[in-house]
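Asker: Residue numbers (the numbering used here): 1 to 80. C-beta atoms are modelled at their ideal positions from N, C-alpha and C, and glycine is treated no differently. Only a predicted model underlies this, so the values are computations on that prediction, with no experimental measurement involved. Have a look at this one before I ask anything.
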Amino acid sequence: MKKQWLFWWFANIFWIATFTVGTVALWLREVDGAGVTQTPVAKLAAIIVLLIAFTIPLIIQVVWLIINLVISINNKTNIQ
């Protein structure tokens, strides 16, 4: 496995772990930073905002995946 694939996998693991920890923290908190008691609807809204924020890293990871695939295919055809 080449370096670019290892970096891609490590980046994916990092973003998945960060999203998971953030989601769990948002769901388990009873009161937010402003002192407002969190209802299930408010918790869900906060998680949706977090999900929207994580679409940017998701797009970057998908573009990176496509680049890695193209490079891998080009390297295989050049070897043969």
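Output the distance between the C-alpha atoms of phenylalanine 7 and glycine 33, rounded to the nearest integer angstrom.
Answerer: Each residue's alpha carbon lies about 35 Å from the other.
Asker: Can you name, in chain order, every residue of its own chain whose Cβ lies under 6 Å from the Cβ of alanine 46, other than the five neighbours on each side?
Answerer: The residues are Leu26.
Asker: Roughly how many angstroms separate the alpha carbons of proline 57 and threonine 18, rounded to a whole number?
Answerer: Distance between the alpha carbons of proline 57 and threonine 18 is about 11 Å.
Asker: For threonine 39, which of helix, strand or coil comes out of DSSP?
Answerer: Note: threonine 39 maps to coil in three-state DSSP.
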